[in-house]
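For the sequence shown, this note's numbering puts the final residue at 85, and the numbers step up evenly by one. Ideal Cβ placement from N, Cα and C applies to all residues, glycine included. Accompanying notes for the structure given below.
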Amino acid sequence: MIPAARGLLVRGGRLMLELGAGQESDVRALVADAGFESLCIKPDLNGIPRLLTAVLR
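This is the structure:
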């Protein structure tokens with residue numbers, strides 16, 4: 029999904045992904061490797077990292 033998003037977005041386009049418990053570090057690395065930056069992680073109501081937002085460079 030992340031490589032496909034890179035092909036669909038223009039520079040400055042935003043990618044938002046829902047994370048499963050324990051996936052933050054792996055998904056963060058995949059998104060950065062695909063050329064996204066300005067990563068922002070928001071937790072859910074239980075404090076678990078849940079929403080990742082990134083911007084295509």
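Residues of its chain near residue i, where Cβ-Cβ distance is below 6 Å and the 5 sequence neighbours each way are ignored
| i | result |
| --- | --- |
| glutamine 51 | none |
| methionine 44 | Thr81 |
| alanine 49 | Ile76 |
Other residues of its chain near residue i: CB distance less than 8 Å, five sequence neighbours each side excluded
| i | result |
| --- | --- |
| alanine 62 | Ile30, Pro31, Ala33 and Arg34 |
| leucine 58 | Ile30 |
| arginine 56 | Leu67, Ile69 and Leu80 |
Straight-line Cα distance separating residue j from residue i
| i | j | result |
| --- | --- | --- |
| serine 53 | isoleucine 69 | 11 Å |
| glutamate 46 | aspartate 72 | 10 Å |
| leucine 67 | leucine 36 | 18 Å |
| phenylalanine 64 | leucine 79 | 15 Å |
| alanine 60 | glycine 41 | 14 Å |
| valine 38 | leucine 84 | 7 Å |
Report task. For the region 45-84, list the beta strand (DSSP E) runs that are entirely contained and at least 3 residues long, ordered along the chain. Result -> Annotation note: the region 45-84 contains the following uninterrupted beta strand (DSSP E) runs of length 3 or greater, listed N- to C-terminal: 64-71 and 77-84.
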